[in-house]
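*Asks:* The UniProt record's numbering puts the sequence shown at residues 1 to 157. Note that the Cβ used here is the ideal one computed from N, Cα and C, for glycine as well. Please see the structure below; I have some questions.
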Amino acid sequence: MPELSNNYKDIPHQDGPAYFPVVTIISLISALVIDFTPHQRLRNQNPDDVITKESEVICEKNGDQKDCSLLLMPCSLIIFKDEAYSDYLHVIQDSQLHNLKKVVNISKFPEFKQTNTFPEEIESSDVEQSNVYRRTNTRISLTCRLVLKVHKNLFKF
Numbered sequence: 001m002p003e004l005s006n007n008y009k010d011i012p013h014q015d016g017p018a019y020f021p022v023v024t025i026i027s028l029i030s031a032l033v034i035d036f037t038p039h040q041r042l043r044n045q046n047p048d049d050v051i052t053k054e055s056e057v058i059c060e061k062n063g064d065q066k067d068c069s070l071l072l073m074p075c076s077l078i079i080f081k082d083e084a085y086s087d088y089l090h091v092i093q094d095s096q097l098h099n100l101k102k103v104v105n106i107s108k109f110p111e112f113k114q115t116n117t118f119p120e121e122i123e124s125s126d127v128e129q130s131n132v133y134r135r136t137n138t139r140i141s142l143t144c145r146l147v148l149k150v151h152k153n154l155f156k157f
């Protein structure tokens, strides 16, 4: 089976308009952190004007932006839609080190609260050790999207 690569290359992105505004991500084998960042058009507005009831629950106000992250455990599923789909960019960093500082659901996982699995080659002055999780297993995640309309001549065989 060919190995598929992530076409987004670890940059925050938004799924295009061809997809129905719901995305599901299934995390397999290892825990991972998904980061959400406000879309550029929201950064130019007053934060009090763009906070909705749903986004207040998901993301904390962090200065004038509402960056946040979620920790996904192995075999977990996340479904995001509505404001999370349209107003935020998302990314799963392809890294062994995951910053837990902005993880809003960290209280659900007490074993991660005081995580200090830190490689020796990184000095403690670079990152706060208690806010870093070191992934030791391979990260595999599946993203599922629904395409409402496919053009007839899109695939030519």
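If I follow the unbroken beta strand (DSSP E) through residue 87, where does it start and stop?
*Replies:* Neither: residue 87 is in no beta strand (DSSP E) and is coded neither H nor E.
*Asks:* Give the single residue among 82, 98 and 146 whose Cα lies nearest to the Cα of residue 136.
*Replies:* Nearest C-alpha to residue 136: 98.
*Asks:* Please state whether DSSP places residue 110 in a helix, a strand or coil.
*Replies:* The answer is helix: DSSP assigns residue 110 an H, G or I state.
*Asks:* Whose CA, out of 91, 10 and 139, lies closest to the CA of residue 73?
*Replies:* If we check each option's Cα against that of residue 73, 139 comes out closest.
*Asks:* Check whether the Cβ atoms of residue 34 and residue 25 sit closer than 8 Å, and answer yes or no.
*Replies:* For residue 34 and residue 25, yes; Cβs fall inside 8 Å.
*Asks:* Terminal residues of the continuous beta strand (DSSP E) containing residue 35?
*Replies:* Unbroken beta strand (DSSP E) run through residue 35: 32 to 38.
*Asks:* Which one or two residues does DSSP pair with residue 143 in a beta bridge?
*Replies:* Residue 143 is bridged to 25.
*Asks:* What is the DSSP secondary structure of residue 131, counted as helix, strand or coil?
*Replies:* The answer is helix: DSSP assigns residue 131 an H, G or I state.
*Asks:* Out of 18, 22, 32 and 27, point me to the one whose CA is closest to residue 93's CA.
*Replies:* Per the Cα distances, 32.
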